[in-house]
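Heads up: the structure comes next, in structure tokens.
This is how it looks when you write it as structure tokens:
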């Protein structure tokens, strides 16, 4: 009986492996949106992922005046094939011509005047105790001219690590649980 079960398991494993070889691989561009962000231009690309688990990949890239190449800011995987309109993508104007790009649990903040260094925030890396995956985690962000601001989250109740708000005093370079600015 054990030999029979082993043969069936081997056949299923072989059939599954063979089927995987015939699945389309890679990704296919589904839609693109161009968005003006002051003097910069953002390109939002949505790819359908053709792999075993499928889903979609969303890439937001930047092209500043005088640049020829696009710079990828956020590369975000979705387990399901969401369209751009179905995501929680937000372009939020800040002070002094700066802006923030929010998608899922990732954020990119444009550099302050005189700098070319973007600020990147990712809940998976930067939110202590956070458990993946809340695709609508980032709700809003604000940073004033003095570098103080809040990051408003959309927490799932009883989800580890998620809170209503974070705060910054260094223009978004670091975020801490909100204590009341």
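In the numbering used here, the protein residues as written are 2 to 182. Positions of the beta carbon are idealized from the N, C-alpha and C atoms, including for glycine.
Element boundaries [alpha helix (DSSP H), containing residue i]
i: residue 81; result: Element bounds for residue 81: n/a, residue is neither H nor E.
Whole-angstrom C-beta distance between residue j and residue i, which should lie under 8 Å
i: residue 47; j: residue 75; result: The Cβ separation is near 12 Å, so there is no contact.
i: residue 43; j: residue 65; result: With a Cβ gap of about 10 Å, residue 43 and residue 65 do not count as contacting.
i: residue 107; j: residue 77; result: 6 Å
i: residue 90; j: residue 104; result: 5 Å
i: residue 100; j: residue 27; result: Rounded, the Cβ-Cβ distance is 32 Å, inconsistent with contact.
i: residue 138; j: residue 124; result: 6 Å
i: residue 155; j: residue 166; result: Wrong, their Cβ atoms sit about 11 Å apart, outside the cutoff.
i: residue 168; j: residue 180; result: 7 Å
i: residue 183; j: residue 92; result: The question about residue 183 has no answer, for the chain in this structure spans 2 to 182.
Extent of the continuous beta strand (DSSP E) to which residue i belongs
i: residue 38; result: 28 to 38
i: residue 148; result: First-last for residue 148: undefined, no H or E at that position.
i: residue 86; result: Counting along the chain, residue 86 falls outside any beta strand (DSSP E), and DSSP gives it neither H nor E.
i: residue 100; result: 100 to 104
i: residue 94; result: 91 to 94
Simplified DSSP assignment, three categories, for residue i
i: residue 162; result: coil
i: residue 123; result: strand
i: residue 168; result: strand
i: residue 113; result: coil
i: residue 139; result: strand
i: residue 174; result: coil
What residue ranges within the region 44 to 77 form continuous alpha helix (DSSP H) runs of no fewer than 4 residues, ordered along the chain? none
Touching or not, the region 143 to 155 and the region 167 to 181, by the rule of three or more beta carbon pairs under 8 Å? yes
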